[in-house]
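**Q**
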Amino acid sequence: MRLKRISMAVAATAAASLALTACSPGGSQDKKKDDKGGDSQTVGDAKQFEGSGRFELSDVETQNKEIKITVGSVEYGGYNGLTPDTYSTYTSAVAGTYMPGFWYYGTDGKIYQNKDMGSYKLISEDPMKVEYTIHEDAVWSDGTPITVADAISAWGTQTTLSSPDAEKDDDGNAAPLFNNVSNDLVDMVPDGPQGDPKGKKFTVTFKEPNPDWELQTWLSFPAHVIAKNGDLSTEEYIKALQDQDGKKLEKAAEFWNKGWNRGAGKLPKEEDNVSGGPYILDSWQQGESVTVKANPKYWGEKPGVEKLTFRFIDDSAMVQGLKNKDVQVIAPQTTPDIADQLKGLEGSNEAKLYSGNQLTWEHLDFNFRKGNVMEDLDIRKAFAMCVPRQEIVDKLVKPINPDATVLNAREIFSDDENYEGVISESYNGEYDDVDVEGAKKLLKDKGKEGATVRIGYAAPNPRRSQQVQLIKNSCEKAGFKIEDVSAKDFFDPGGTLDTGKYEVALFAWAGSGQKTSGWNIYHSKGAQNYGKFKNADVDAAFDKMKKATADDAHLEAVKEAEKALWDNLYGIPIFQHPGMRAADPKI
């Protein structure tokens, strides 16, 4: 699974599809007149491709309208959403409007080539070699052509390369020069994109077969902007990346890490605010909203509306916001109360509802930093014994999805045909039922009665607040002292997750089908291994997963990884998210 923090923005994008990327829910669509009575063609009149969710908009003019969307209350992270601090589905929902890419997920969950961007094809399996062609008309919003140089830049910034002057930790490792959430593409494709940097065609050759070859990021940010801010010509910048010259890249990397992201409410400088997608950043009001506007230089299919505004609204206030017309699309983290409110709006024809299980799952992750009580496996076991997973599902999820079950895996969802087989070989059911007495005994044996467990999550979040209360009710009977340390800045630099001032983190990962992204979370070298977990068996299993192109080999690696994660209690999966999102019926 390609995994991202938090849950519902992908669902929101689907609900907001008429506006965002001219996508709509899968299946055929009837033609409709403009609801206001006009004869002008709307997005709803456009032809939809089966499954992909894309509309043919070549003959449709961008409407001079604004659609307001909310995917949650979390602040937008900034133009560069590919750092560990900003990489979230909330930020990705916005960044997806201005970042270029060769592929996208359809509403059917399948991968489709983005013909606006170009094309690609696998031309050799041994060695694995892929050919990419960038659309001849593709340009950045400042008019600079999108070329192979941009692909080399995207590749070269996904590296563990460090500055020769960087400080090293106790193991002799230095922080990567580019603070990229993904830092292994240079290792996977040592020679990088091969082609004229000023041209439109390139090939890449993988060192080893890669099951996720199609999902790699070969375009992200404008190379010429990074080069300029690094006091380099584009040619010098590309050469330094190809040579992996850490010293020469220091200033460019500093800009990549921090130059676009200047703080909440601050857009990049005008000359650096460059888009390769259908929209471009327009305004950002800290704590309120971020707006994107149509990119006049975009060469592909026209965006549906002139402006999209992503408002930061608490889940508990979203339904009222939709009712008041403050927003036209909402994607709340659904509680039974919110579900009832949404059904009420649907009943009064004030909203269209979209519902179903999301490719998102809730989990509790431990903090393994030195000195934290959760360093001790027995304490982790005691906590797992008292977490009332079934009660959480029964009280908070089943009222929305009566068929909901407790989730017992991380790399596979419960509706997958291989789920039961994976579970049978990786998990023995020891945490299915609450065992207060067993947890109490482990704490007593370790002399840790009364151990404080701070559970952190991004606030406000009604459902997570309720989960923590249910955990508190159960685990305090076992001898733990449970503290809710939720915070609005939980995921921010300097926030709870970053500083490690917690024992357990409560959040969700959103999966998107990438087979190897778990490496980035569970491997000791993973950029999203926030709790500093380190285990040789887990590392070995995910290393194997990265190389397993055959389905059966990948499945065996998943079983090994799941068993190692359960045996060492990296964390505790809880449930797959039920999803309800809603839209104004007039969009």
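Residue numbers for the sequence shown follow the working numbering, beginning at 480 and rising by one. The beta carbon of each residue, even a glycine, is placed where N, CA and C say it ideally should be.
Can you tell me whether P624 is helix, strand or coil according to DSSP?
**A** P624: strand per DSSP, three-state reduction.
**Q** Rounded C-beta distance between I792 and G783? I'm assuming under 8 Å.
**A** Actually they do not touch by this definition, with Cβ atoms about 22 Å apart.
**Q** Answer yes or no: do I950 and I1066 have a C-beta to C-beta separation smaller than 9 Å?
**A** no
**Q** Apply the 10 Å Cβ neighbour rule to K745 and answer buried if 16 or more other Cβ atoms are within range, or exposed otherwise.
**A** exposed
**Q** In the DSSP assignment, the alpha helix (DSSP H) including N593 goes from what residue to what residue?
**A** It is not in any alpha helix (DSSP H) - N593 carries neither H nor E in the DSSP assignment.
**Q** Is it buried or exposed, S712, if we count other Cβ atoms within 10 angstroms and call 16 or more buried?
**A** exposed
**Q** Under DSSP, the alpha helix (DSSP H) around G658 begins and ends at which residues?
**A** The residue you asked about is not Gly; residue 658 is Asn in the sequence shown. Neither: N658 is in no alpha helix (DSSP H) and is coded neither H nor E.
**Q** From the DSSP output, in three-state form, read off G505 for me.
**A** Any reading at G505 needs caution, since the residue's pLDDT is 28, under 50, leaving its predicted position unreliable; the model's value is listed next. Of the three classes helix, strand and coil, the one that applies to G505 here is coil, per DSSP.
**Q** Is there contact between the segment 628-636 and the segment 672-682, where contact requires at least three CB pairs shorter than 8 Å?
**A** yes
**Q** Mind checking who R848 pairs with in its DSSP beta bridge?
**A** Answer is none; R848 lacks a bridge partner.
**Q** CB-CB under 8 Å to P676, same chain, minus the five flanking residues each way: which ones, in chain order?
**A** T626, V627, A628, I631, T713, E714, I717
**Q** For A930, which residues from the same chain have a beta carbon less than 8 Å from its beta carbon, with the 5 sequence-adjacent residues on both sides left out?
**A** V852, I858, L922, G958, F959, K960
**Q** With a CB to CB cut of under 6 Å and the five nearest residues on each side skipped, what residues in its chain are close to G657?
**A** Gly is not the amino acid found at residue 657; the sequence shown has Phe there. Taken in chain order, the residues that qualify are T636, A732, W735.
**Q** Using the beta-carbon count (16 or more within 10 Å), is I602 buried or exposed?
**A** The residue in question, I602, is exposed, as its Cβ has fewer than 16 Cβ neighbours within 10 Å.
**Q** Can you check which of these residues, Q1007, A1040, L664, is closest to N846 by C-alpha distance?
**A** Q1007
**Q** Which first and last residues belong to the beta strand (DSSP E) in which A1062 is found?
**A** 1050-1062 is the span of the beta strand (DSSP E), which, as asked, contains A1062.
**Q** Taking all protein chains shown into account, do 16 or more other C-beta atoms lie within 10 angstroms of the C-beta of K978, making it buried, or fewer, making it exposed?
**A** Correcting the residue type first, residue 978 is Thr in the shown sequence and not Lys. By the 10 Å Cβ count, T978 comes out exposed.
**Q** Secondary structure at W735, three-state DSSP: helix, strand or coil?
**A** helix
**Q** If we count Cβ pairs, one from each stretch, closer than 8 Å, do we get three or more for the segment 643-658 versus the segment 606-625?
**A** no
**Q** For E547, is the classification buried or exposed, using 16 other Cβ atoms within 10 angstroms of its Cβ as the cut-off for buried?
**A** The question names Glu, yet the displayed sequence has Lys at residue 547. It is buried - the Cβ of K547 has at least 16 other Cβ atoms within 10 Å.
**Q** Would you check if the distance between the CB atom of V913 and the CB atom of S953 is smaller than 9 Å?
**A** For V913 and S953, yes; Cβs fall inside 9 Å.
**Q** Could you say if the segment 606-618 and the segment 799-815 meet the contact criterion of at least three C-beta pairs nearer than 8 Å?
**A** No, the segment 606-618 is not in contact with the segment 799-815.
**Q** Pairs of beta-carbons, one from the segment 701-710 and one from the segment 749-761, closer than 8 Å: are there three or more?
**A** yes
**Q** Apart from the five residues on each side of it in sequence, which residues of its chain come closer than 7 Å, Cβ to Cβ, to G1050?
**A** H842, L843, D844, F845
**Q** Just the C-alpha distance for A938 and E767, rounded to the nearest angstrom, thanks.
**A** 16 Å
**Q** For the structure I just gave you, are there three or more beta carbon pairs, one from the segment 960-970 and one from the segment 899-906, closer than 8 Å?
**A** no
**Q** Tell me whether the beta-carbon of V769 lies closer than 9 Å to the beta-carbon of T549.
**A** No, they are not a contact pair.
**Q** Can you check DSSP and say which residues form a bridge with D963?
**A** Its beta-bridge partners are I934.
**Q** From G973 to E962, what distance separates their C-alpha atoms?
**A** 20 Å
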